[in-house]
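To convert a position in the sequence shown, counted from 1, into the numbering used here, add 11.
Only one structure is covered here, and it is reproduced in the block below.
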Amino acid sequence: IDDLNNLLPKGRVSISQEEILDHSYDAWSVSIKTRQQGKDDFFPDVIVYPQSEKEVSTLLAWASESKVPVTPWGAGSAVTGAPLPLTGGVSLDMSRMNKIFNLDQKNLTVTVQAGIMGDQLENYLSERGLTLNHSPQSIERSTAGGWVATRSTGQFSSRYGGIEDLLLGINVVIPNGEIVEIKPAIRASMGPDLKEIFLGAEGTMGVITQVTFKIFVVSENQIFEAISFDTVLAGIETMRKIMQIGLRPSLIRFYDEDESRHVTKNASFSSCIMFLCFEGISMVSSAEYQTAIGFCKEAGGLLLGRELVQDWMLRRFDYSTIENIVSKPAGVAETVEVAHFWTGIYATYHELKKTLAEHVDEVLGHFS
(Lines of atoms letter the chains of each structure in order from A; the text may use other names.)
(Lines give C-alpha, C1' and ligand atoms only; values in the text may rest on other atoms or scores of the structure.)
Protein backbone atom coordinates (compact mmCIF):
# COMPACT_ATOMS: atom_id res chain seq x y z
CA ILE A 12 0.00 0.00 0.00
CA ASP A 13 2.84 2.37 0.84
CA ASP A 14 4.48 1.66 -2.51
CA LEU A 15 1.26 2.49 -4.36
CA ASN A 16 0.71 5.68 -2.40
CA ASN A 17 4.25 6.76 -3.23
CA LEU A 18 3.92 5.86 -6.92
CA LEU A 19 0.51 7.40 -7.62
CA PRO A 20 -1.06 10.81 -6.94
CA LYS A 21 -3.08 11.32 -3.78
CA GLY A 22 -6.56 9.84 -3.78
CA ARG A 23 -5.87 7.05 -6.26
CA VAL A 24 -5.49 4.22 -3.72
CA SER A 25 -8.21 2.89 -1.43
CA ILE A 26 -8.41 0.14 1.18
CA SER A 27 -11.94 1.06 2.22
CA GLN A 28 -13.74 -2.13 3.21
CA GLU A 29 -16.91 -0.87 1.57
CA GLU A 30 -15.12 -0.31 -1.74
CA ILE A 31 -13.35 -3.66 -1.50
CA LEU A 32 -16.74 -5.33 -1.00
CA ASP A 33 -18.16 -3.45 -3.99
CA HIS A 34 -15.36 -4.87 -6.16
CA SER A 35 -15.83 -8.46 -4.96
CA TYR A 36 -18.89 -9.28 -7.08
CA ASP A 37 -20.29 -8.48 -10.52
CA ALA A 38 -23.57 -9.55 -12.18
CA TRP A 39 -22.54 -13.21 -12.08
CA SER A 40 -24.97 -15.17 -9.91
CA VAL A 41 -22.18 -17.10 -8.18
CA SER A 42 -20.39 -13.94 -7.06
CA ILE A 43 -23.64 -12.42 -5.81
CA LYS A 44 -24.43 -15.55 -3.79
CA THR A 45 -20.88 -15.55 -2.44
CA ARG A 46 -21.38 -11.98 -1.22
CA GLN A 47 -24.77 -12.84 0.31
CA GLN A 48 -23.13 -15.66 2.28
CA GLY A 49 -20.48 -13.30 3.64
CA LYS A 50 -17.59 -15.08 1.92
CA ASP A 51 -14.48 -13.29 0.69
CA ASP A 52 -13.62 -15.53 -2.28
CA PHE A 53 -13.17 -12.60 -4.67
CA PHE A 54 -11.88 -9.81 -2.42
CA PRO A 55 -9.09 -7.58 -3.76
CA ASP A 56 -6.58 -6.22 -1.26
CA VAL A 57 -6.67 -2.70 -2.62
CA ILE A 58 -8.54 -0.58 -5.16
CA VAL A 59 -6.67 1.77 -7.51
CA TYR A 60 -8.46 4.51 -9.47
CA PRO A 61 -6.17 5.76 -12.26
CA GLN A 62 -6.99 8.96 -14.10
CA SER A 63 -4.47 8.72 -16.92
CA GLU A 64 -2.77 6.22 -19.18
CA LYS A 65 0.53 7.08 -17.53
CA GLU A 66 -0.80 6.10 -14.12
CA VAL A 67 -1.95 2.73 -15.48
CA SER A 68 1.51 2.24 -16.97
CA THR A 69 3.20 3.10 -13.68
CA LEU A 70 0.99 0.71 -11.75
CA LEU A 71 1.44 -2.24 -14.12
CA ALA A 72 5.21 -1.80 -14.30
CA TRP A 73 5.35 -1.87 -10.48
CA ALA A 74 2.95 -4.82 -10.24
CA SER A 75 4.93 -6.83 -12.79
CA GLU A 76 8.17 -6.26 -10.94
CA SER A 77 6.57 -6.89 -7.54
CA LYS A 78 4.57 -9.91 -8.76
CA VAL A 79 1.28 -8.43 -7.56
CA PRO A 80 -1.84 -9.52 -9.50
CA VAL A 81 -3.91 -6.77 -11.13
CA THR A 82 -7.51 -7.28 -12.26
CA PRO A 83 -9.09 -4.59 -14.48
CA TRP A 84 -12.56 -3.40 -13.44
CA GLY A 85 -14.92 -1.50 -15.76
CA ALA A 86 -18.35 -1.11 -14.20
CA GLY A 87 -18.95 -4.55 -12.70
CA SER A 88 -21.71 -5.68 -15.06
CA ALA A 89 -20.02 -8.85 -16.34
CA VAL A 90 -21.96 -12.09 -15.92
CA THR A 91 -18.88 -14.32 -15.85
CA GLY A 92 -16.81 -13.21 -12.86
CA ALA A 93 -13.99 -12.09 -15.17
CA PRO A 94 -13.34 -8.76 -13.35
CA LEU A 95 -13.05 -10.48 -9.96
CA PRO A 96 -9.65 -11.22 -8.39
CA LEU A 97 -8.95 -14.84 -7.49
CA THR A 98 -5.84 -14.18 -5.41
CA GLY A 99 -6.30 -10.69 -3.99
CA GLY A 100 -4.02 -8.00 -5.31
CA VAL A 101 -5.16 -4.83 -7.06
CA SER A 102 -8.59 -4.16 -8.51
CA LEU A 103 -7.90 -1.55 -11.18
CA ASP A 104 -11.07 0.55 -11.37
CA MET A 105 -11.17 2.51 -14.64
CA SER A 106 -14.22 4.63 -13.79
CA ARG A 107 -12.29 7.89 -13.44
CA MET A 108 -10.86 7.57 -16.95
CA ASN A 109 -14.10 8.78 -18.52
CA LYS A 110 -13.13 11.65 -20.81
CA ILE A 111 -14.16 12.19 -24.42
CA PHE A 112 -10.99 13.21 -26.26
CA ASN A 113 -12.12 13.83 -29.80
CA LEU A 114 -15.27 13.87 -31.90
CA ASP A 115 -14.65 13.93 -35.65
CA GLN A 116 -17.98 14.73 -37.29
CA LYS A 117 -16.55 14.62 -40.81
CA ASN A 118 -14.99 11.16 -40.55
CA LEU A 119 -17.64 10.06 -38.03
CA THR A 120 -15.33 8.80 -35.28
CA VAL A 121 -15.11 9.39 -31.56
CA THR A 122 -12.14 8.79 -29.25
CA VAL A 123 -12.77 8.22 -25.54
CA GLN A 124 -11.09 6.95 -22.42
CA ALA A 125 -11.92 3.35 -21.61
CA GLY A 126 -13.83 4.08 -18.41
CA ILE A 127 -16.61 6.18 -19.93
CA MET A 128 -20.05 4.72 -19.27
CA GLY A 129 -22.04 3.56 -22.27
CA ASP A 130 -25.05 5.80 -21.67
CA GLN A 131 -22.80 8.81 -21.04
CA LEU A 132 -21.18 8.34 -24.45
CA GLU A 133 -24.48 7.68 -26.23
CA ASN A 134 -26.12 10.75 -24.65
CA TYR A 135 -23.17 12.92 -25.70
CA LEU A 136 -23.49 11.71 -29.28
CA SER A 137 -27.28 11.94 -29.31
CA GLU A 138 -27.16 15.63 -28.39
CA ARG A 139 -25.24 16.14 -31.64
CA GLY A 140 -27.50 14.05 -33.86
CA LEU A 141 -25.10 11.10 -33.77
CA THR A 142 -25.07 7.59 -32.34
CA LEU A 143 -22.72 4.68 -31.77
CA ASN A 144 -25.59 2.25 -32.37
CA HIS A 145 -24.13 -0.15 -29.82
CA SER A 146 -26.80 -1.04 -27.28
CA PRO A 147 -26.09 -3.97 -25.00
CA GLN A 148 -28.69 -4.41 -22.26
CA SER A 149 -25.99 -3.25 -19.83
CA ILE A 150 -25.37 0.10 -21.59
CA GLU A 151 -26.20 2.05 -18.42
CA ARG A 152 -23.77 -0.03 -16.34
CA SER A 153 -20.93 -0.87 -18.70
CA THR A 154 -17.94 0.97 -20.16
CA ALA A 155 -16.39 1.46 -23.58
CA GLY A 156 -13.31 -0.45 -22.50
CA GLY A 157 -15.44 -3.23 -21.07
CA TRP A 158 -17.25 -3.59 -24.39
CA VAL A 159 -13.98 -4.15 -26.20
CA ALA A 160 -12.57 -6.43 -23.50
CA THR A 161 -15.65 -8.67 -23.72
CA ARG A 162 -16.25 -8.40 -27.48
CA SER A 163 -19.68 -7.01 -26.71
CA THR A 164 -22.68 -7.31 -29.01
CA GLY A 165 -25.65 -4.95 -28.86
CA GLN A 166 -29.31 -5.11 -29.74
CA PHE A 167 -28.71 -3.47 -33.15
CA SER A 168 -25.93 -5.81 -34.27
CA SER A 169 -27.95 -7.17 -37.21
CA ARG A 170 -27.32 -3.84 -38.97
CA TYR A 171 -24.30 -2.31 -37.24
CA GLY A 172 -22.33 -5.34 -36.09
CA GLY A 173 -20.65 -6.09 -32.80
CA ILE A 174 -18.14 -3.87 -31.04
CA GLU A 175 -15.37 -5.42 -33.17
CA ASP A 176 -17.01 -3.86 -36.22
CA LEU A 177 -17.10 -0.42 -34.60
CA LEU A 178 -13.59 -0.40 -33.13
CA LEU A 179 -11.08 1.58 -35.21
CA GLY A 180 -8.22 2.20 -32.79
CA ILE A 181 -7.13 1.22 -29.30
CA ASN A 182 -4.53 2.06 -26.66
CA VAL A 183 -3.53 -0.68 -24.25
CA VAL A 184 -1.03 -0.89 -21.41
CA ILE A 185 0.50 -4.37 -21.44
CA PRO A 186 1.65 -6.10 -18.22
CA ASN A 187 5.20 -4.71 -18.20
CA GLY A 188 3.84 -1.15 -18.29
CA GLU A 189 4.52 -0.50 -21.96
CA ILE A 190 1.87 1.55 -23.77
CA VAL A 191 0.75 0.02 -27.07
CA GLU A 192 -1.05 2.36 -29.48
CA ILE A 193 -2.94 0.90 -32.42
CA LYS A 194 -3.96 3.97 -34.38
CA PRO A 195 -7.40 4.28 -36.00
CA ALA A 196 -7.49 2.76 -39.46
CA ILE A 197 -10.25 1.74 -41.83
CA ARG A 198 -8.39 -1.32 -43.10
CA ALA A 199 -4.93 -2.59 -44.01
CA SER A 200 -3.97 -4.83 -46.92
CA MET A 201 -1.21 -6.69 -45.09
CA GLY A 202 -0.45 -8.15 -41.72
CA PRO A 203 -2.76 -9.30 -38.90
CA ASP A 204 -5.21 -6.96 -37.19
CA LEU A 205 -3.50 -6.37 -33.85
CA LYS A 206 -6.71 -5.13 -32.25
CA GLU A 207 -7.83 -8.77 -32.25
CA ILE A 208 -5.25 -9.54 -29.57
CA PHE A 209 -7.20 -7.43 -27.08
CA LEU A 210 -10.78 -7.86 -28.32
CA GLY A 211 -12.53 -10.33 -26.03
CA ALA A 212 -9.39 -10.95 -23.98
CA GLU A 213 -11.11 -9.83 -20.75
CA GLY A 214 -8.08 -7.76 -19.76
CA THR A 215 -5.67 -10.71 -19.75
CA MET A 216 -3.46 -9.24 -22.48
CA GLY A 217 -3.38 -5.71 -21.12
CA VAL A 218 -5.47 -2.87 -19.75
CA ILE A 219 -7.46 -0.94 -22.36
CA THR A 220 -7.10 2.79 -21.74
CA GLN A 221 -8.46 4.48 -24.88
CA VAL A 222 -10.63 3.51 -27.84
CA THR A 223 -11.73 5.08 -31.12
CA PHE A 224 -15.11 4.03 -32.49
CA LYS A 225 -16.93 4.43 -35.77
CA ILE A 226 -20.17 6.39 -35.24
CA PHE A 227 -23.28 7.15 -37.30
CA VAL A 228 -25.74 9.93 -38.05
CA VAL A 229 -29.08 9.27 -36.35
CA SER A 230 -31.48 7.71 -38.86
CA GLU A 231 -34.18 9.91 -40.32
CA ASN A 232 -36.76 7.13 -40.24
CA GLN A 233 -37.56 4.10 -38.09
CA ILE A 234 -40.30 1.54 -38.77
CA PHE A 235 -41.28 -0.85 -35.96
CA GLU A 236 -43.41 -3.98 -36.20
CA ALA A 237 -44.31 -6.92 -33.98
CA ILE A 238 -45.32 -10.19 -35.66
CA SER A 239 -46.69 -13.33 -34.03
CA PHE A 240 -45.81 -16.84 -35.23
CA ASP A 241 -47.28 -20.21 -34.33
CA THR A 242 -43.96 -22.02 -33.95
CA VAL A 243 -40.31 -21.40 -33.17
CA LEU A 244 -39.27 -23.04 -36.43
CA ALA A 245 -41.42 -20.65 -38.47
CA GLY A 246 -39.79 -17.66 -36.80
CA ILE A 247 -36.24 -18.94 -37.24
CA GLU A 248 -36.83 -19.69 -40.91
CA THR A 249 -38.24 -16.20 -41.45
CA MET A 250 -35.23 -14.65 -39.74
CA ARG A 251 -32.95 -16.66 -42.02
CA LYS A 252 -34.72 -15.45 -45.15
CA ILE A 253 -34.65 -11.82 -44.00
CA MET A 254 -30.94 -11.86 -43.24
CA GLN A 255 -29.76 -13.99 -46.16
CA ILE A 256 -31.54 -11.99 -48.85
CA GLY A 257 -29.52 -8.95 -47.80
CA LEU A 258 -32.02 -6.97 -45.75
CA ARG A 259 -30.48 -5.10 -42.83
CA PRO A 260 -32.95 -4.65 -39.99
CA SER A 261 -31.47 -2.68 -37.11
CA LEU A 262 -33.56 -4.84 -34.80
CA ILE A 263 -34.64 -8.44 -35.30
CA ARG A 264 -35.50 -10.37 -32.15
CA PHE A 265 -37.60 -13.51 -32.03
CA TYR A 266 -39.01 -14.84 -28.75
CA ASP A 267 -40.35 -18.31 -28.04
CA GLU A 268 -43.82 -18.65 -26.53
CA ASP A 269 -42.53 -18.66 -22.94
CA GLU A 270 -40.49 -15.48 -23.23
CA SER A 271 -43.17 -13.86 -25.39
CA ARG A 272 -45.47 -13.75 -22.36
CA HIS A 273 -42.84 -11.77 -20.50
CA VAL A 274 -41.86 -9.41 -23.31
CA THR A 275 -45.49 -8.57 -24.09
CA LYS A 276 -46.41 -8.29 -20.39
CA ASN A 277 -49.35 -10.55 -21.18
CA ALA A 278 -49.62 -13.84 -19.27
CA SER A 279 -52.23 -15.17 -21.70
CA PHE A 280 -50.13 -14.58 -24.84
CA SER A 281 -49.67 -18.01 -26.42
CA SER A 282 -47.68 -17.41 -29.62
CA CYS A 283 -44.06 -16.68 -30.46
CA ILE A 284 -43.30 -13.08 -31.36
CA MET A 285 -40.78 -11.25 -33.53
CA PHE A 286 -39.73 -7.62 -33.09
CA LEU A 287 -38.50 -5.79 -36.19
CA CYS A 288 -37.10 -2.34 -36.88
CA PHE A 289 -35.87 -0.95 -40.19
CA GLU A 290 -34.22 2.44 -40.30
CA GLY A 291 -32.30 4.85 -42.50
CA ILE A 292 -33.45 6.78 -45.56
CA SER A 293 -37.25 6.63 -45.64
CA MET A 294 -37.58 5.18 -49.14
CA VAL A 295 -35.03 2.43 -48.49
CA SER A 296 -36.20 1.47 -45.00
CA SER A 297 -39.82 1.31 -46.19
CA ALA A 298 -38.88 -1.01 -49.05
CA GLU A 299 -36.89 -3.27 -46.72
CA TYR A 300 -39.77 -3.34 -44.26
CA GLN A 301 -42.28 -4.37 -46.93
CA THR A 302 -40.02 -7.16 -48.17
CA ALA A 303 -39.48 -8.52 -44.66
CA ILE A 304 -43.19 -8.39 -43.88
CA GLY A 305 -43.80 -10.42 -47.03
CA PHE A 306 -41.60 -13.21 -45.65
CA CYS A 307 -43.40 -13.02 -42.30
CA LYS A 308 -46.82 -13.39 -43.92
CA GLU A 309 -45.64 -16.31 -46.06
CA ALA A 310 -44.76 -18.12 -42.81
CA GLY A 311 -48.16 -17.42 -41.29
CA GLY A 312 -47.06 -14.41 -39.29
CA LEU A 313 -49.71 -11.97 -38.04
CA LEU A 314 -48.90 -8.26 -37.78
CA LEU A 315 -49.48 -6.84 -34.29
CA GLY A 316 -48.45 -3.22 -34.88
CA ARG A 317 -45.60 -1.13 -33.54
CA GLU A 318 -46.65 -0.47 -29.95
CA LEU A 319 -45.21 -3.66 -28.44
CA VAL A 320 -41.80 -2.93 -29.95
CA GLN A 321 -41.88 0.72 -28.90
CA ASP A 322 -42.78 -0.29 -25.34
CA TRP A 323 -39.86 -2.72 -25.33
CA MET A 324 -37.52 0.01 -26.60
CA LEU A 325 -38.36 2.08 -23.51
CA ARG A 326 -37.52 -0.69 -21.03
CA ARG A 327 -34.92 -2.74 -22.90
CA PHE A 328 -32.12 -1.81 -20.49
CA ASP A 329 -34.09 -2.87 -17.41
CA TYR A 330 -32.22 -5.69 -15.67
CA SER A 331 -34.32 -5.68 -12.50
CA THR A 332 -36.17 -8.96 -13.13
CA ILE A 333 -32.97 -10.99 -12.98
CA GLU A 334 -31.58 -8.91 -10.12
CA ASN A 335 -34.73 -9.42 -8.06
CA ILE A 336 -34.59 -13.18 -8.53
CA VAL A 337 -30.90 -13.44 -7.67
CA SER A 338 -31.29 -11.20 -4.60
CA LYS A 339 -33.64 -13.72 -2.97
CA PRO A 340 -32.29 -16.61 -0.86
CA ALA A 341 -31.69 -19.60 -3.16
CA GLY A 342 -32.82 -17.50 -6.14
CA VAL A 343 -30.79 -18.11 -9.29
CA ALA A 344 -31.17 -16.58 -12.75
CA GLU A 345 -28.67 -17.04 -15.55
CA THR A 346 -28.28 -16.14 -19.20
CA VAL A 347 -26.70 -18.51 -21.71
CA GLU A 348 -25.69 -17.15 -25.11
CA VAL A 349 -25.11 -19.60 -27.94
CA ALA A 350 -24.11 -19.02 -31.56
CA HIS A 351 -24.72 -21.58 -34.30
CA PHE A 352 -25.34 -22.01 -38.01
CA TRP A 353 -28.92 -21.74 -39.22
CA THR A 354 -29.10 -25.50 -39.76
CA GLY A 355 -28.19 -26.27 -36.16
CA ILE A 356 -29.71 -23.51 -34.08
CA TYR A 357 -33.17 -25.02 -33.54
CA ALA A 358 -31.83 -28.39 -32.36
CA THR A 359 -29.43 -26.62 -30.01
CA TYR A 360 -32.24 -24.47 -28.64
CA HIS A 361 -34.51 -27.49 -28.20
CA GLU A 362 -31.90 -29.58 -26.37
CA LEU A 363 -30.84 -26.70 -24.13
CA LYS A 364 -34.40 -25.92 -23.17
CA LYS A 365 -35.25 -29.58 -22.56
CA THR A 366 -32.18 -30.15 -20.40
CA LEU A 367 -32.44 -26.95 -18.38
CA ALA A 368 -36.17 -27.41 -17.76
CA GLU A 369 -35.35 -30.46 -15.64
CA HIS A 370 -33.50 -28.26 -13.14
CA VAL A 371 -35.17 -24.84 -13.04
CA ASP A 372 -38.64 -23.34 -12.75
CA GLU A 373 -38.68 -21.56 -16.10
CA VAL A 374 -36.59 -21.48 -19.27
CA LEU A 375 -37.01 -18.59 -21.70
CA GLY A 376 -35.51 -18.38 -25.17
CA HIS A 377 -35.04 -15.79 -27.87
CA PHE A 378 -33.02 -15.43 -31.07
CA SER A 379 -31.31 -12.26 -32.26
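Yeah, the Cβ is synthetic: ideal placement off N, Cα and C, and Gly gets one too.
Computed from a prediction, not measured in an experiment: that's the story for all the values here.
DSSP-derived helix/strand/coil call for residue i
| i | result |
| --- | --- |
| Lys364 | helix |
| Met324 | helix |
| Leu119 | coil |
| Asn16 | helix |
| Gly180 | strand |
| Val191 | strand |
| Val371 | coil |
| Ile256 | coil |
| Ile197 | coil |
| His273 | helix |
| Gly211 | coil |
| Gly291 | strand |
| Gly92 | coil |
| Lys78 | coil |
| Thr249 | helix |
| Val243 | helix |
| Ala341 | coil |
| Val159 | helix |
| Gln148 | coil |
Residue i: CB within 7 Å of a non-hydrogen atom of the ligand GDP
| i | result |
| --- | --- |
| Ser163 | The model on display carries no ligand, and the ligand GDP is accordingly not part of it. |
Identity of the residue in the options nearest residue i by Cα
| i | options | result |
| --- | --- | --- |
| Leu70 | Thr242, Met108, Val184 | Val184 |
| Ser77 | His370, Gly100, Val218, Ala341 | Gly100 |
| Asn187 | Gly129, Gly312, Ser75 | Ser75 |
| Phe286 | Thr275, Asp269, Glu299, Ile263 | Ile263 |
| Val343 | Ile356, Asp372, Thr366, Gln48 | Asp372 |
| Gln131 | Ser149, Asn118, Gln116 | Ser149 |
| Thr302 | Gln47, Thr98, Ile256, Ser137 | Ile256 |
| Phe53 | Ser42, Pro61, Ser63 | Ser42 |
| Lys21 | Ser68, Leu205, Ile12 | Ile12 |
| Asp51 | Thr98, Pro340, Glu133 | Thr98 |
| Gly92 | Thr45, Lys117, Pro61, Lys110 | Thr45 |
| Phe289 | Met216, Ser338, Gln321 | Gln321 |
Per DSSP, cross-strand counterpart(s) of residue i
| i | result |
| --- | --- |
| Trp84 | Asp104 |
| Ser25 | Ile58 |
| Phe286 | Ala237, Arg264 |
| Met128 | Thr154 |
| Leu70 | Beta-bridge pairing links Leu70 to no other residue. |
| Val228 | Leu141 |
| Asn113 | Thr122 |
| Phe378 | Phe265 |
Host alpha helix (DSSP H) of residue i (start-end)
| i | result |
| --- | --- |
| Leu177 | 174 to 177 |
| Ala310 | Run containing Ala310: none; DSSP gives neither H nor E here. |
| Thr215 | Taken as a continuous stretch (DSSP letters only), Thr215 belongs to no alpha helix (DSSP H), as it is neither H nor E. |
| Lys44 | 40 to 47 |
| Arg317 | Arg317 -> no alpha helix (DSSP H), and no H or E assigned at all. |
| Ser169 | 168 to 171 |
Contact under 8 Å by Cβ, residue i with residue j
| i | j | result |
| --- | --- | --- |
| Ser297 | Ile234 | yes |
| Lys225 | Thr120 | yes |
| Val248 | Ala350 | Reading the sequence as shown, one finds Glu at residue 248 and not Val. Going by C-beta atoms, Glu248 is not nearer than 8 Å to Ala350. |
| Glu268 | Ser279 | no |
| Glu236 | Leu314 | yes |
| Ala155 | Ala199 | no |
| Val59 | Leu15 | yes |
| Ser169 | Ser261 | yes |
| Ile284 | Ser230 | no |
| Leu363 | Val347 | yes |
| Pro80 | Asp37 | no |
| Met250 | Phe265 | yes |
Extent of the continuous beta strand (DSSP E) run through residue i
| i | result |
| --- | --- |
| Phe53 | First-last for Phe53: undefined, no H or E at that position. |
| Ile219 | 218 to 225 |
Minimum Cβ-Cβ distance from residue i to chain C less than 8 Å
| i | result |
| --- | --- |
| Ala350 | Protein chain content of the structure displayed is limited to a single chain, and chain C is not contained in it. |
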